[in-house]
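Protein sequence lines, in the order shown, are assigned to chains A and B. For the first sequence, the working numbering gives the first residue as 1, with consecutive numbering after it. For the second sequence, the working numbering gives the first residue as 1001, with consecutive numbering after it. See structure below.
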Amino acid sequence: MMSASCRTDWGMALPRYGSLRDCHRLNSASSIQRVMPGSHFHESLRREFDARLKRNPRYSLRAFAEFLATDHSTLSQIFRGKRRIPVSQLRRWGKKLAMTPEEVAIYVAEQHVPDQSVASRQEQLRQWTVEAIAIATDNTHWQIVRLAGSRGFRPDSRWIAGKIGVTVDQVNVALSRLLRLRLLEIGPAGKWKSSLCVEEKEFHKRALVRVRELAAEDGIELRRLTGKSSN
Amino acid sequence: MGNPVMQFQILSTAPDQTARFYSAVFGWTVNADNPLGYREISTGSANGIQGGIWPAPQQAANFTQLFMAVDDVKGCIQKAEALGAKLIIPPTSLPDGGELAVMHDPQGMSFGVMKVR
Chain A
1 MMSASCRTDW GMALPRYGSL RDCHRLNSAS SIQRVMPGSH FHESLRREFD
51 ARLKRNPRYS LRAFAEFLAT DHSTLSQIFR GKRRIPVSQL RRWGKKLAMT
101 PEEVAIYVAE QHVPDQSVAS RQEQLRQWTV EAIAIATDNT HWQIVRLAGS
151 RGFRPDSRWI AGKIGVTVDQ VNVALSRLLR LRLLEIGPAG KWKSSLCVEE
201 KEFHKRALVR VRELAAEDGI ELRRLTGKSS N
Chain B
1001 MGNPVMQFQI LSTAPDQTAR FYSAVFGWTV NADNPLGYRE ISTGSANGIQ
1051 GGIWPAPQQA ANFTQLFMAV DDVKGCIQKA EALGAKLIIP PTSLPDGGEL
1101 AVMHDPQGMS FGVMKVR
C-alpha cells in the first residue's frame, strides 16, 4: 500500500505523495529484523541482568555476556540502546533465559509491529493520499464549487445532488473535504464561498497544491514531479 | 451556562446501514429531511443527548465525535489551539443559523464545538 502510493504518478504539474526518502524509511521500518531498544524483550534482558546482579553484587556484564554466548561489548551497546538485537539472537537468548516458546513467539511478533511513531506517520501519509486521490479523481468537488458560484444556487445538499447527479452522501463527503481543505467556506447567513471558482483543470491543480500545503503542516512532504513528466 | 456536550455524531462509511443498525437495536428514529440531508437521530428520550450520522469517505475509519456547546466558536478554537489542538474544519455556518467547527485534541482525537442559534 505504502510503496504503491509512493509510486503513484499524479500526472503533469501535480504533486506526488511523499518523497522517496519517506518511502525508504517507512518500508525499512515496517520490516524490522532487529529488536528495537526499549522493546519488551530488551527490558526482559535488562531485568534478568539486574536480578542476577542483585543476587550477586560481583556479577558482571562480561559474565552475563558469556552466559548468553555473546560478546560483552555487544551486550553493553544493547543495554545502552546503541545496538539492536537480531531476531535470530532473540530466539537463542530467550531459550537461555528459560522463556517458554510462547513467550519467545510474542517477543518475535512484537518486532513485526511497527513502532507507534512510524504507524502514526503511515496513517498520516495514507490520509493525505486519500485526500489527494479524491480531489484528483472525483469531480464532485469542482461541481460543488462551480454551483456555489452560480446564479440560483441553493445551499442544500439535496438540490446539489440532483444538479450533479450523485447521491446526497457523495455531496456531503465532498463538502466535508472542501471545508477541511479550506477550498470552500460556509459563512454567516449560510453563504457558500470559494476562491477557486475556476475551470476544472485549474481547480484540480490548485486544489492539489492546497493538499500539499496542508500535508506539509502535518510534516508530510509532498513534491512536484520533476523531469519529463513535469511542466 | 457551562459548556455541555450537546450532540454525538457518528461518522460512517455506510450511513444508511448505521442508521438501520442503531434504530433496530435502540429504537432510535432517524430523519434526514433537512437541507444538508443530515441524518438527525432522536433517541426517543429527553434524557441524555441526541445525535446524528454524517457520511465518511470509504477509506476512512468509522468513529464518533462529541460536540460541545460554546458561546464563541472562534474564541474556543484559539484557546484550544493554544493548548495543542489542531483545527480540522474551520467555523462553518449551519442552515439553522448555528455555527460549528471540528478540531483534533493534542492526542489526535476529533471533537466538535458548536454555537446553537
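Heads up, the beta-carbon is just placed ideally off N, CA and C, and yes, glycines get one too.
Out of Ile144(A), Arg80(A), Glu221(A), the CA that lies nearest to the CA of Arg177(A) is found in Ile144(A).
The beta carbon of Ala105(A) sits no closer than 8 Å to any beta carbon of chain B. What Asn172(A) touches in chain B, judged by beta-carbon distance under 7 Å, is Leu1036, Gly1037, Trp1054, Pro1055, going in chain order. Among the CB atoms of chain A, none fall inside 8 Å of the CB of Ser1023(B). With respect to Leu1066(B), Val1005(B) sits close: the two C-beta atoms are nearer than 8 Å. Where Lys82(A) is concerned, there is no enclosing alpha helix (DSSP H), because DSSP gives it neither an H nor an E. Our two residues, Ala1024(B) and Pro1015(B), have alpha carbons roughly 14 Å apart in a direct line.
At the C-beta level, Pro1106(B) and Ser157(A) stay beyond 8 Å of one another. Taking the Cα positions, Lys201(A) is about 33 Å away from Ser1110(B). Boundaries for Trp93(A): no beta strand (DSSP E) harbours it, while the alpha helix (DSSP H) harbouring it runs 87 to 96, taken from the DSSP string.
The DSSP-derived three-state label of His112(A) is coil.
When DSSP states are grouped into helix, strand and coil, Pro155(A) belongs to the coil group. In the three-state DSSP reduction, Ile160(A) falls in the helix class (H, G or I). Bounds of the beta strand (DSSP E) holding Pro1055(B) are 1050 to 1055. Counting along the chain, the unbroken beta strand (DSSP E) around Gly1112(B) starts and ends at 1110 to 1115. The way I'd put it, the stretch 164 to 183 of chain A does touch the stretch 1081 to 1096 of chain B; three or more beta-carbon pairs between them come closer than 8 Å. Looking at the DSSP output, Phe49(A) sits in no beta bridge, so it has no partner there. Annotation: Cβ neighbours of Pro1015(B) in chain A (cutoff 7 Å, chain order): Asp169. Listed along chain A are Leu179, Glu185, Ile186, each with a C-beta nearer than 8 Å to that of Thr1092(B).
The bridge partners DSSP lists for Phe1063(B) are Leu1011(B).
Annotation: Lys54(A) to Lys82(A) spans about 24 Å, alpha carbon to alpha carbon. Ala65(A): member of the alpha helix (DSSP H) spanning 61 to 68, first to last residue. With respect to chain B, the C-beta atom of Pro155(A) has a partner C-beta closer than 8 Å.
Ranked by how close their Cα comes to the Cα of Phe1026(B), the residues Phe1063(B), Ala1032(B), Ile1041(B) have Ile1041(B) in first place. At a C-beta separation below 8 Å, Ile1088(B) has these neighbours in chain A: Arg180.
Using a CB distance cut-off of 8 Å, Val108(A) does not count as an interface residue toward chain B. For Ala1019(B), the closest alpha carbon among the candidates Arg1039(B), Gly1002(B), Phe1008(B), Asp1033(B) is that of Arg1039(B).
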